[in-house]
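Peer 1: Per the UniProt record's numbering, residue 1 is the first one in the sequence shown, and the count goes up by one each step. All C-beta atoms in this analysis are idealised placements derived from N, C-alpha and C, irrespective of residue type, glycine included.
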Amino acid sequence: MASGDDDDPIIQEVDLHNLCSHCFEHFPLQYPVRPASMSYENVTHLAARIKPKQQKVELEVAMDTMSPNYCGSKGEQIALNVDGTSSEDSNVYSTKMMDKQTFSSIQATTNTSRYAAAVFHKGELHLTPLQGILQMRPSFTYLDKADTKHREREAANEAGDSSQDEAEEDVKQITVRFSRPESEQARQRRIQSYEFLQKKQAEEPWVHLHYHGVKDGRSEHERQYLYCQAMDTAENTELVKTPREYLSMLMPPLAEEKVAKPMGPSNVLSMAQLRTLPLGEQVKMLMKNVKVMPFANLMGLLASGTDSTAVLRCIQQVALLVQGNWVVKSDVLYPKNTCSSHSGVPAEVLCRGRDFVMWRFTSERTLMRKEVAAIIKLPPEDVKDLLEQMSVPRLNRGWEFLLPTDHDFVRKHPDVAQRQHMLWLGIQSKLEKVFNFSKDDFVPKKDAQMEPVHISGDQRLKTAKENARENQSAMQRELDARRLKASRNTASSGESAAPLQVKQEPMSDSEEPMDTSGPLTNGSLNGYPNSTSPASDPHNGHTHAFTPELQDFVRSTFRKHYVLCLSEVKRLFNLHLASLPTGHSVYGHVTDRMLQETILQSQCRQILVPFPPQSNAAADEQKVFGLWESGETFDKHRQVLFEIFMKNYRVRRNVIQTRLTQELGDAVTKTDVDRLLKECCMSLGGMWYLKGTVPS
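(1) Buried or exposed for Phe140, please, with buried defined as at least 16 other CB atoms from any protein chain shown within 10 angstroms of its CB.
(2) Just confirm the distance between the C-beta atoms of Phe611 and Ala617, as a whole number of angstroms; I'd bet it's less than 8 Å.
(3) Rounded to whole angstroms, how far is the Cβ of residue 697 from the Cβ of His342, which I believe are closer than 8 Å?
(4) Note the first and the last residue of the continuous alpha helix (DSSP H) segment covering Met136.
(5) Taking buried to mean at least 16 other C-beta atoms within 10 Å of its own C-beta, is residue 745 buried or exposed?
(6) Are the stretch 290-309 and the stretch 402-413 touching, with three or more C-beta to C-beta distances below 8 Å?
(7) Tell me whether the stretch 652-661 and the stretch 348-359 touch, counting them as touching only if at least three CB pairs, one residue from each stretch, are closer than 8 Å.
(8) Am I right that Ala116 and Leu134 are in contact with their C-beta atoms under 8 Å? What's the rounded C-beta distance?
(9) Which word fits Trp206, buried or exposed, when buried means at least 16 other C-beta atoms lie within 10 angstroms of its C-beta?
(10) Quick check: Val61 and Ala79, are their CB atoms within less than 9 Å of each other?
(11) Measure the Cβ-Cβ separation of Asp99 and Met63 and say whether it is below 9 Å.
(12) Could you please give me the residues that DSSP links to Phe645 through a beta bridge?
(13) Count the other CB atoms, across all protein chains shown, that sit within 10 Å of the CB of Ile315; report buried if there are 16 or more and exposed otherwise.
(14) Run through the DSSP bridge pairs and tell me what Ser104 is partnered with.
(15) By how many angstroms is the C-alpha of Asp592 removed from the C-alpha of Glu505?
(16) For Ile607, which residues does DSSP report across the bridge?
(17) How far does the beta strand (DSSP E) with Arg275 in it extend, from its first residue to its last?
(18) How is Gly305 classed by DSSP in three states: helix, strand or coil?
(19) For Ser683, which of helix, strand or coil comes out of DSSP?
(20) Could you name each continuous beta strand (DSSP E) segment of 3 residues or more that falls completely within the stretch 37-88, going from the start of the chain to the end?
(21) At 4 residues or longer, and completely inside the stretch 202-232: list those alpha helix (DSSP H) runs for me, N to C.
(22) Lys145 to Gly692, Cα distance in whole Å?
(23) Restricting to Cα atoms, I'd like to know which of Gly324, Cys339, Gln323 is closest to Ser330.
(24) Under three-state DSSP, which class holds Ser556?
(25) So the alpha helix (DSSP H) Cys351 belongs to, where does it begin and stop?
(26) On the premise that Phe573 lies in contact with Phe558, defined as a C-beta separation below 8 Å, what is that separation, rounded to the nearest angstrom?
(27) On the DSSP letters alone, give me the boundaries of the alpha helix (DSSP H) that Asn289 sits inside.
(28) Beta-carbon separation of Tyr211 and His45 under 9 Å?
(29) Label Thr598 either buried or exposed according to how many other C-beta atoms from any shown protein chain fall within 10 Å of its C-beta, with 16 as the threshold for buried.
(30) I'd like the list of long-range same chain contacts for Leu664, defined as Cβ closer than 8 Å, with 5 residues on each side in sequence excluded.
(31) Determine the extent of the alpha helix (DSSP H) in which Leu250 is found, giving its start and end residues.
(32) Assuming Gly398 contacts Thr366 under a Cβ cut-off of 8 Å, what Cβ separation, rounded to an integer in Å, is found between them?
(33) State the Cα-Cα distance for the pair Thr633 and Asp672, rounded to the nearest angstrom.
(34) Distance, Cα to Cα, Met249 vs Tyr225?
(35) For Val372, count the other beta carbons within 10 Å of its own beta carbon; 16 or more makes it buried, fewer makes it exposed. Which is it?
(36) Once you ignore the five residues that flank Leu378 on each side, which residues in its own chain have a CB closer than 6 Å to its CB?
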């Protein structure tokens with residue numbers, strides 16, 4: 001031994017007895033959420049069960065409902081949410097009150113070969129190997145049951161209503177596929193999937209146990225097995241080792257310290273195991289699991305002190321920059337020789353489709369799924385999967401990119417942003433060849449709104465005069481034809497034609513006109529109609545205040561949608577204008593006020609919905625209009641509904657049904673209520689809102 005032994009003398013020698021590891025199975029239970037001074041020893045244990053193969057234990061303990069710290073009303077509410085109002089044997093809480101709590105175990109460590117339970121008895125130390133160390137934590141599975149009950153009640157309440165998801169065609173094409181023989185690679189992926197592991201774990205039955213307290217007689221009897229029973233036999237030679245062998249057993253070489261990975265889903269990442277990997281692998285695994293992440297969040301997940309420059313080098317190998325955020329590359333998610341789990345589409349085709357979606361998000365915040373599917377031509381399941389990886393659906397706006405634009409990263413790292421921009425240009429050129437499109441086919445909406453082209457008044461007037469001279473003959477022929485038609489109508493009716501009253505609306509600085517003229521190539525400059533527009537005056541900028549064509553559009557739109565906010569009417573009107581041939585618009589320059597007046601003159605009324613103060617709806621979104629009279633008997637139903645929403649921002653279905661019965665009698669059927677809600681309302685969280693007023 002070393003020369004320092006004289007300074008550290010041995011004061012006592014203790015005999016050590018090591019029990020054989022295969023005699024008994026010992027699982028110490030830890031309660032990390034409570035201090036040792038607040039044990040559960042004096043709490044009544046109602047049930048205990050175990051799954052031996054999974055080393056999973058559950059304990060049910062009673063709760064003191066008479067304690068001053070117990071909220072009786074909250075306990076009753078939880079029991080009501082979980083079990084409902086019915087009285088059945090399968091109820092979780094038989095007393096109609098949350099009177100028990102369940103603890104479920106997790107493994108504290110995956111390798112217990114170096115842990116043992118020690119008992120010091122009569123000058124001897126007895127060691128018992130441990131098969132597992134379990135931590136008992138409160139289980140909240142009752143909340144899942146409450147959510148299930150809530151969804152069942154909501155589904156029953158909304159029976160007969162159509163889904164309010166993204167609009168799809170009524171007629172859907174059905175593709176019939178025959179299952180192919182499962183390859184070995186696909187079988188391995190299925191076995192490692194989370195669903196398969198959950199199914200295998202659920203197959204193991206629970207073994208019910210009897211709980212015995214620390215001072216119970218059975219517990220005292222079992223504790224005797226912690227002492228070595230054969231201390232004098234010659235068979236106990238497990239510790240007869242040389243000093244070097246014993247030291248090697250206590251401190252094994254590093255090469256032998258290989259910890260078996262715990263059985264878990266392939267898509268679940270352990271941070272402890274992650275930090276044992278090289279930096280490049282850490283970044284790749286994180287991006288593969290998260291898919292979309294800001295650079296600041298990535299640095300927070302890595303170990304403290306990690307060099308940001310090294311991380312930037314690594315992340316550019318596995319991800320691309322989209323709106324200042326990093327999105328994992330497609331070939332990382334879909335390696336070669338793999339295929340889609342939904343449709344069996346090869347990985348190369350999926351990568352091209354996903355790159356197209358990512359490229360579109362570099363210039364736009366929202367995408368429409370139908371537009372994307374029409375170009376990349378993938379099955380609907382794969383298109384939805386691609387969009388869900390990097391965006392979320394928004395009501396009436398399509399799919400919005402998952403994260404806000406990270407301007408800070410672009411400002412701090414302009415060289416990286418420029419390099420990524422050049423990389424996207426190369427990807428764009430490849431996509432144009434594959435999908436046969438041009439970048440001009442996708443003009444970002446935000447550019448048209450946030451960055452308008454400013455043209456001076458002199459330039460606008462000069463352009464209008466040039467267009468007027470070029471199209472003078474065509475306009476004159478159209479004007480003569482209109483006059484001839486008007487004179488024939490006047491002659492046939494036998495009445496003298498009254499002079500045409502043109503309402504002129506001078507543009508004020510405070511009124512923002514509605515852009516109904518489309519981009520510059522559709523015959524307008526900066527949103528103002530040019531001289532080729534038959535309903536405009538190129539010299540004074542005034543327009544007709546009211547046109548029959550505009551009223552026809554409003555009437556047909558409201559007979560189809562019944563309830564619309566002003567912003568939605570403007571959007572539909574712009575879409576209608578875009579579908580017209582260039583230069584053939586008969587609407588002229590339509591302002592917001594003109595559009596509202598036309599709506600009110602088309603058998604519609606404004607529904608003064610009392611929006612809450614915290615609502616983030618824009619001014620145009622708070623102007624809600626509904627079809628009041630259409631000549632149908634169902635008008636009375638809509639009028640009653642609109643009166644309800646003039647007093648309430650949101651209501652429940654039973655309130656609407658009760659009010660309809662009071663106003664229209666018992667003739668109101670469930671089918672009438674279903675039709676009314678489908679035409680005019682949308683559902684969210686068990687409450688009904690008028691269309692266009694659902695909070696985003």
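Peer 2: Judging by the given coordinates:
(1) exposed
(2) 6 Å
(3) What is shown of the chain runs 1 to 696, which leaves residue 697 out entirely.
(4) Run containing Met136: none in the alpha helix (DSSP H); it sits in the beta strand (DSSP E), 134-138.
(5) Because residue 745 is not part of the residues shown, which for the chain are 1 to 696, the question remains open.
(6) yes
(7) no
(8) So it is not a contact: roughly 16 Å between Cβ atoms.
(9) exposed
(10) no
(11) yes
(12) Paired residue(s): none; Phe645 is not in a bridge.
(13) buried
(14) Glu58, Arg137
(15) Residue placement at Glu505 cannot be trusted, given a pLDDT of 44 that sits under 50; the coordinates are not used to answer.
(16) Val624
(17) Here Arg275 belongs to no beta strand (DSSP E), and DSSP marks it neither H nor E.
(18) coil
(19) strand
(20) 45-51, 56-62
(21) 217-223
(22) 32 Å
(23) Cys339
(24) helix
(25) 347-361
(26) Actually they do not touch by this definition, with Cβ atoms about 12 Å apart.
(27) 279-290
(28) yes
(29) buried
(30) Lys636, His637, Val640
(31) 243-250
(32) 5 Å
(33) 11 Å
(34) 25 Å
(35) buried
(36) Gly353
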